[in-house]
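A.B. asks: Protein chains in written order, with our numbering: chain A, 1 to 83; chain B, 84 to 166.
1) Taking its Cβ as the centre, do 16 or more other Cβ atoms sit within 10 Å of residue 45/A, making it buried, or is it exposed?
2) Which chain B residues are close to residue 63/A, counting only those with a beta carbon under 7 Å from its beta carbon?
3) I'd like the list of long-range same chain contacts for residue 49/A, defined as Cβ closer than 8 Å, with 5 residues on each side in sequence excluded.
4) Compare the beta carbon distance of residue 10/A and residue 69/A with 8 Å and say whether it is the shorter of the two.
5) Which residues of the segment 120-137 of chain B have a Cβ closer than 8 Å to any Cβ of chain A? Give them in chain order.
6) Residues in the same chain with beta-carbon distance under 7 Å from residue 83/A, minus the five sequence neighbours each way, listed in chain order, please.
7) Give the secondary structure of residue 141/B by DSSP, where H, G and I count as helix, E and B as strand, and everything else as coil.
8) I want to verify the contact list: residues of chain B whose CB lies under 8 Å from the CB of residue 24/A, in sequence order.
9) Excluding sequence positions up to five away, which residues of its chain have a Cβ less than 7 Å from the Cβ of residue 125/B?
10) What do you reckon, are the CB atoms on residue 67/A and residue 118/B nearer than 8 Å?
11) My understanding is that residue 123/B touches residue 104/B, with C-beta atoms under 8 Å, so please give their C-beta distance in whole angstroms.
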């Protein structure tokens, strides 16, 4: 078994309203920053032991499906690196 | 001016308690997943126009310093890609 870090990034699907991101963008604009868009996402870095990187990615994807992401409103992606 | 997407990832510094991450880890364990640690981070994807990638990174870092991150408890990093 090898130690891996799986990074799960959970984003709102396109078209789902994100008032937090909108507020953050407006606050940056009030500070004088120019930006065309801002999207917020949640990132989970999961340390786990697995036989290989594929198994680590599969388990992290299952965590996303079952708990970390809500499939109705979220997309997610998984990246795995050696810990 | 070119369109870039700057990704700002804001993490709690080591040693800062993160009850949300702890609760998420416990919930995954209750579902039967085995993991050694879980850390949560906020990610902001900022679309902006800049002369080059370095300028885009500098402006995104300034956004992190001034609003997106709290330097007392957060570290952040910035990655820039063509939009």
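Backbone N, C-alpha and C define an ideal beta-carbon position, used for all residues, glycine too.
Quantities reported herein were computed from a predicted structural model and do not represent experimental measurements.
C.D. replies: Let's see:
1) buried
2) 111 and 116
3) 1, 2, 3 and 4
4) yes
5) 120, 121, 122, 123, 124, 125, 126, 127, 128, 129, 130, 131 and 132
6) 3, 4, 5 and 47
7) helix
8) 127, 150 and 151
9) 93
10) no
11) 4 Å
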